[in-house]
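Written below as structure tokens is the structure these notes are about.
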């Protein structure tokens, strides 16, 4: 069963400049928060509780694009979309998100200016919570020690959130990404605190899957780079529903037919009839079946799709023989 983010109301701001967002004071979490894993969840929970105790506003400061993606010359995989991250902040009880545009102006801002303009002027911070390896400001000159020093001078307290450990190792986004890339979804789930899910809106495709006997619902990931590629057994949630509908999915660039530059998630829902265009769909990856590969023609591709569907049905607790029966009837 997949725990989906709820839709609690939350205010969103994007700019460094502007009026104070928390005239009554705030408790602030700062970080990239890719994937909102259990370490992030623990930090946000602490911020929410401290804000409640102090009678002020719980706020999260994050960045888009992700800082590591901004500085990288290569595409950088990420665990969550911006939408998923914002829904996660709301579900964690944050009342306001300051989602700063990570651009040249922000990277040129000194650490001292960041504290003054963002934490003090914009947020009227009373407590700020960060991870132990937190760095900020131009050339990453700011660290926790600087936050603590400035806090003593300007009237706020800086806290470092202890690392969350699982099996003796620190829970981190990089650890989650590595497990997902290896297809080890079962090991990634306890680090995330939930199964790994990709969400998006179903869009029109070229209907090739229908011609091959496996109609698909398509989600275009565009510039989002995921840590996973290949063919998977999945469960699907439609709208706000739980991920319970069994399916088989492909995530990649379609090397056999009409190779695409951006990754495309194609999902064939088993025993489903209906129109999904325009609906939001969540896809929980259950097990990896194989890597994406290029086949010598559509007949070979279709035969492999039958095999993948049988394997997915078996993994998901369904009767794999129904694939052949359904194909014979169609």
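Numbering (this note's numbering), first residue to last: 198 to 527.
A virtual CB, placed ideally from N, CA and C, is assigned to each residue, including glycine.
On a predicted model such as this, the values are computed, not experimentally measured, just so you know.
Backbone secondary structure at residue 412 - three-state DSSP: Translated into positions along the chain shown, residue 412 becomes position 215. Note: residue 412 maps to coil in three-state DSSP.
Beta-ladder partner(s) of residue 379, from DSSP: To locate residue 379, count along the chain shown from 1; it is residue 182. Looking at the DSSP assignment, residue 379 forms no beta bridge with any residue, so it has no partner.
Once the 5 residues before and after residue 501 are set aside, which same chain residues still bring their CB inside 7 Å of it? Position 304 of the chain shown holds residue 501. Around residue 501: 492.
Can you look up residue 478 in the DSSP assignment and give me helix, strand or coil? Along the chain shown, one-based indexing puts residue 478 at 281. The answer is strand: DSSP assigns residue 478 an E or B state.
For residue 432: DSSP bridge partner residues: The residue labelled residue 432 in the question sits at position 235 within the chain shown. Beta-bridge pairing links residue 432 to 443, 481.
Between 324, 330, 320, 259, which has its C-alpha nearest residue 300's C-alpha? Translated into the one-based positions of the chain shown, residue 300 becomes position 103. The shortest Cα separation from residue 300 among 324, 330, 320, 259 belongs to 259.
Can you tell me whether residue 282 is buried or exposed? The criterion is at least 16 other CB atoms within 10 Å of its CB, across all chains shown. Stepping through the chain shown from its first residue, residue 282 is reached at position 85. The residue in question, residue 282, is buried, as its Cβ has 16 or more Cβ neighbours within 10 Å.
Assuming residue 512 is part of the alpha helix (DSSP H), what are its boundary residues? Against the chain shown, residue 512 aligns to sequence position 315. Unbroken alpha helix (DSSP H) run through residue 512: 495-512.
Do residue 341 and residue 357 have their CB atoms nearer than 7 Å? Along the chain shown, read from residue 1 onward, the residue named residue 341 stands at position 144. Along the chain shown, read from residue 1 onward, the residue named residue 357 stands at position 160. It is a contact, given that the beta carbons lie within the stated cut-off.
Based on Cα-Cα distance, which residue from 227, 447, 270 lies nearest to residue 256? Walking along the chain shown from the start, residue 256 turns up at place 59. Of the listed residues, the one whose Cα sits closest to residue 256 is 227.
Can you list, in chain order, the residues of its chain with a C-beta nearer than 7 Å to that of residue 220? Leave out the 5 residues immediately preceding and following it. Against the chain shown, residue 220 aligns to sequence position 23. Result list for residue 220: 321, in chain order.
How far does the alpha helix (DSSP H) with residue 422 in it reach, from first residue to last? Taking the first residue of the chain shown as 1, we reach residue 422 at position 225. Counting along the chain, residue 422 falls outside any alpha helix (DSSP H), and DSSP gives it neither H nor E.
In whole angstroms, what separates the C-alpha of residue 486 from that of residue 397? The residue labelled residue 486 in the question sits at position 289 within the chain shown. The residue labelled residue 397 in the question sits at position 200 within the chain shown. So the two alpha carbons sit approximately 22 Å from each other.
Could you give the DSSP three-state label for residue 366: helix, strand or coil? Here residue 366 corresponds to residue number 169 of the chain shown, with the count starting at 1. Residue state, collapsed to three classes: strand.
Cβ-Cβ distance between residue 225 and residue 325 below 7 Å: Along the chain shown, one-based indexing puts residue 225 at 28. Along the chain shown, one-based indexing puts residue 325 at 128. Yes.
Length of the line joining the Cα atoms of residue 421 and residue 266: Here residue 421 is taken as the residue at index 224 of the chain shown, counted from 1. Here residue 266 is taken as the residue at index 69 of the chain shown, counted from 1. The alpha-carbon atoms of residue 421 and residue 266 are separated by roughly 11 Å.
Could you tell me whether the Cβ of residue 444 comes closer than 7 Å to any Cβ of chain D? The chain inventory of the structure shown lacks chain D, comprising one protein chain alone.
Any idea if residue 362 is buried or exposed, counting beta-carbon neighbours within 10 angstroms, 16 or more meaning buried? Translated into the one-based positions of the chain shown, residue 362 becomes position 165. Classification of residue 362: exposed, given that the 10 Å Cβ count is below 16.
Please report the residue range of the alpha helix (DSSP H) in which residue 287 lies. Within the chain shown, residue 287 is the residue found at index 90, counting from 1. Where residue 287 is concerned, the enclosing alpha helix (DSSP H) stretches over 279-288.
In whole angstroms, what is the alpha-carbon distance linking residue 504 and residue 271? Position 307 of the chain shown, counted from the start, is the residue given in the question as residue 504. Position 74 of the chain shown, counted from the start, is the residue given in the question as residue 271. Residue 504 and residue 271: Cα-Cα distance of roughly 34 Å.
Compute the beta-carbon to beta-carbon distance between residue 190 and residue 509, rounded to the nearest angstrom, for a pair I have assumed lies under 8 Å. Shown here, the chain extends from 198 to 527; a query on residue 190 therefore has no answer.
Where DSSP assigns a beta bridge to residue 259, which residues make up the other side? Along the chain shown, one-based indexing puts residue 259 at 62. In DSSP, residue 259 forms a bridge with 296.
Return the chain-ordered list of same chain residues with a C-beta closer than 6 Å to the C-beta of residue 525, the five sequence neighbours on each side being excluded. Taking the chain shown and counting its residues from 1, the one referred to as residue 525 is at position 328. Reliability of the predicted coordinates at residue 525 is poor, the pLDDT of 49 falling under 50, and no value is obtained from them.
Compute the distance between the beta-carbons of residue 464 and residue 484, then report whether it is under 7 Å. As a position in the chain shown, residue 464 is number 267, starting the count at 1. As a position in the chain shown, residue 484 is number 287, starting the count at 1. No, these two residues do not count as a Cβ contact at 7 Å.
Helix, strand or coil, according to DSSP, for residue 357 in the structure here? Translated into positions along the chain shown, residue 357 becomes position 160. Residue 357: strand per DSSP, three-state reduction.
Note down the Cα distance separating residue 285 from residue 210, rounded to an integer number of angstroms. Translated into positions along the chain shown, residue 285 becomes position 88. Translated into positions along the chain shown, residue 210 becomes position 13. Looking at the two C-alpha atoms, the distance is approximately 16 Å.
Smallest Cα separation from residue 426: which of 467, 276, 470? Taking the chain shown and counting its residues from 1, one reaches residue 426 at position 229. For residue 426, the nearest C-alpha among the options comes from 276.
Residue 307 in three-state terms, based on DSSP: Taking the first residue of the chain shown as 1, we reach residue 307 at position 110. Three-state result, residue 307: coil.
So, is residue 231 buried or exposed, given that buried needs 16 or more other C-beta atoms within 10 angstroms? The residue you call residue 231 lines up with position 34 of the chain shown. So residue 231 counts as buried.
Under the three-state DSSP convention, the category residue 389 falls into: Position 192 of the chain shown, counted from the start, is the residue given in the question as residue 389. Helix.
Is residue 333 helix, strand or coil when you go by DSSP? Numbered from 1 along the chain shown, position 136 holds the residue referred to as residue 333. Here residue 333 sits in strand by DSSP.
Just checking my contact of residue 335 with residue 294 at CB under 8 Å: how many whole Å lie between their CB atoms? On the chain shown, residue 335 is found 138 positions in, with the first residue counted as 1. On the chain shown, residue 294 is found 97 positions in, with the first residue counted as 1. Actually they do not touch by this definition, with Cβ atoms about 23 Å apart.
Can you tell me whether DSSP reads residue 427 as helix, strand or coil? On the chain shown, position 230 is the one that residue 427 refers to. Correct three-state label for residue 427: strand.
CA-CA distance, residue 424 and residue 350? Indexing the chain shown from 1 puts residue 424 at position 227. Indexing the chain shown from 1 puts residue 350 at position 153. In a straight line, the C-alpha of residue 424 is about 43 Å away from that of residue 350.
Answer yes or no: do residue 379 and residue 473 have a C-beta to C-beta separation smaller than 7 Å? The residue given as residue 379 occupies position 182 in the chain shown. The residue given as residue 473 occupies position 276 in the chain shown. Cβ atoms of residue 379 and residue 473: not closer than 7 Å.
Taking the alpha-carbon of residue 278 as reference, which of 323, 394, 497 has the nearest alpha-carbon? On the chain shown, residue 278 is found 81 positions in, with the first residue counted as 1. Of the candidates 323, 394, 497, the one whose C-alpha sits nearest the C-alpha of residue 278 is 394.
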